[in-house]
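Let me begin by presenting the structure, written as structure tokens, before commenting on it.
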Amino acid sequence: MPKRPPQPPADSIADPAPAAKAAASATADLGWLAETLVAQWLTQQGGQILQQRWRCRWGELDLVAQLPDSPGAAAMLVFVEVKARRNAGWDAGGLLSITPQKQAKLWQAAALFLAEFPALADLTCRFDVALVSGRSRPISPSRPTELSTAGLPSAAVIQIGQPVAIADHSLTLQHYIPAAFGDLST
Numbered sequence: 015m016p017k018r019p020p021q022p023p024a025d026s027i028a029d030p031a032p033a034a035k036a037a038a039s040a041t042a043d044l045g046w047l048a049e050t051l052v053a054q055w056l057t058q059q060g061g062q063i064l065q066q067r068w069r070c071r072w073g074e075l076d077l078v079a080q081l082p083d084s085p086g087a088a089a090m091l092v093f094v095e096v097k098a099r100r101n102a103g104w105d106a107g108g109l110l111s112i113t114p115q116k117q118a119k120l121w122q123a124a125a126l127f128l129a130e131f132p133a134l135a136d137l138t139c140r141f142d143v144a145l146v147s148g149r150s151r152p153i154s155p156s157r158p159t160e161l162s163t164a165g166l167p168s169a170a171v172i173q174i175g176q177p178v179a180i181a182d183h184s185l186t187l188q189h190y191i192p193a194a195f196g197d198l199s200t
């Protein structure tokens, strides 16, 4: 009978789980920070954030916002899919990840949202996409790493294409695409 090669002691084998968990946590943090950035930008545009990370069996709606009446247009309900990327080049900053299957899930989630909040069902609805790029910044002892209650300094003015420092990240709202893949009123 062939002998098995000697095995290293169990405590000498590197556990890949902590590294994987750290990477997943960093991705989740970037996603949450990107959603917070877009939420503040929408608020600065006069919108009201109704929900962030609303979950149902079809998935998650990153942001649900109500945009105010404007001349010639009634208030609008907007479902915003936020895509955050550290390296924006490989899938067009996240835009290519919104496949027809993903769009169908977002439509189903939006329908469930409207069923749960029927008072909003009479508003014109649309799906927007926000593309955010982000990168980590070195933490300096003089800079706080905690987020404010709203996630961003209240004085931070968000402009498309301009980086904003949030915690230990630098985030940029690269593109905001209104009516990216249709609306619910048709």
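Those letters in the sequence shown? Residues 15 to 200, by the numbering used here. Here a beta-carbon is modelled for each residue, glycine too, at the ideal position from N, C-alpha and C. Owing to the predicted nature of the structure, the values given are computational and were not obtained by experimental measurement.
Whole angstroms are fine: how far does the CA of L145 sit from the CA of W72?
Your numbering for residue 72 matches position 58 in the sequence shown. Your numbering for residue 145 matches position 131 in the sequence shown. A direct Cα-to-Cα measurement between W72 and L145 gives close to 22 angstroms.
Let me check understanding here. Comparing Cα to Cα, which of P192, S84, P85, R67 lies closest to L77?
Within the sequence shown, numbered from 1, the residue matching residue 77 stands at position 63. Comparing Cα-Cα distances from L77 to each of P192, S84, P85, R67, the minimum goes to R67.
Backbone secondary structure at P82 - three-state DSSP:
Here residue 82 refers to the residue found at position 68 of the sequence shown. For P82, the secondary structure class from DSSP, reduced to helix, strand or coil, is coil.
Distance check for E130 and I174, CA to CA, integer angstroms please.
By one-based count along the sequence shown, residue 174 stands at place 160. By one-based count along the sequence shown, residue 130 stands at place 116. Near 33 angstroms, if we compare the C-alpha coordinates of E130 and I174.
In three-state DSSP terms, what is A36?
Position 22 of the sequence shown holds residue 36. Residue placement at A36 is flagged as unreliable, the pLDDT there being 45, under the threshold of 50; the coordinate-derived value follows with that caveat. In the structure shown, A36 sits in a helix (DSSP, three-state: H, G or I).
Please name the residue in K116, R149, L134, L44 whose C-alpha comes closest to that of P177.
Translated into positions along the sequence shown, residue 177 becomes position 163. Answer by Cα proximity: R149.
Pull the bridge partners of Q62 from the DSSP assignment, please.
Your numbering for residue 62 matches position 48 in the sequence shown. Answer is Q80, bridged to Q62.
V171 to Q58 span [Cα, whole Å]
The count along the sequence shown starts at 1 and reaches residue 171 at position 157. The count along the sequence shown starts at 1 and reaches residue 58 at position 44. Taking the Cα positions, V171 is about 8 angstroms away from Q58.
DSSP three-state label for T50, please.
Residue mapping note: residue 50 aligns to position 36 of the sequence shown, counting from 1. Looking at T50 - three-state DSSP - the assignment turns out to be helix.
Are the CB atoms of V92 and D136 nearer to each other than 8 angstroms?
Taking the sequence shown and counting its residues from 1, one reaches residue 92 at position 78. Taking the sequence shown and counting its residues from 1, one reaches residue 136 at position 122. Against a cut-off of 8 angstroms, the Cβ pair of D136 and V92 comes out as no contact.
For T92, list the residues DSSP reports as bridge partners.
As a working mapping, residue 92 is identified with position 78 in the sequence shown. A small correction: the amino acid at residue 92 is Val; Thr does not occupy that position in the sequence shown. According to DSSP, V92 bridges with A79, R140.
Kindly indicate which residue of L187, P192, A194 has the alpha-carbon position closest to the one of V52.
Within the sequence shown, the letter at position 38 stands for residue 52. Shortest Cα-Cα distance from V52 to any of L187, P192, A194 involves L187.
Smallest Cα separation from H189: which of A124, L109, N101?
Here the question's residue 189 lines up with position 175 in the sequence shown. Nearest option by C-alpha distance: L109.
Enumerate in chain order the residues of its own chain whose CB-to-CB distance from S147 is below 8 angstroms, with the five nearest sequence positions on each side excluded.
The sequence position of residue 147 within the sequence shown is 133, counting from 1. These residues qualify, in order along the chain: A98, R99, R100, A102, G107, L185, T186, Q188.
Of the listed residues P192, R151, A179, A181, nearest to R140 (C-alpha basis)
Within the sequence shown, residue 140 is the residue found at index 126, counting from 1. When each option's Cα is compared against that of R140, the closest is P192.
Report the CB separation of L56 from A79 in whole angstroms; it is logged as a contact under 8 angstroms.
For the purposes of this step, residue 56 is identified with residue 42 of the sequence shown, where counting begins at 1. For the purposes of this step, residue 79 is identified with residue 65 of the sequence shown, where counting begins at 1. Yes, they are in contact, since the Cβ atoms of L56 and A79 sit about 5 angstroms apart, within 8 angstroms.
Who are the Cβ neighbours of V70 in its own chain at under 6 angstroms, not counting the five residues just before and after it?
As a first step, residue 70 is located in the sequence shown; it is residue number 56 there, counting from the start. Checking the sequence, you will find Cys at residue 70 rather than Val. The residues A123, L126, in chain order, have a CB closer than 6 angstroms to that of C70 in the same chain once the five nearest residues on each side in sequence are set aside.
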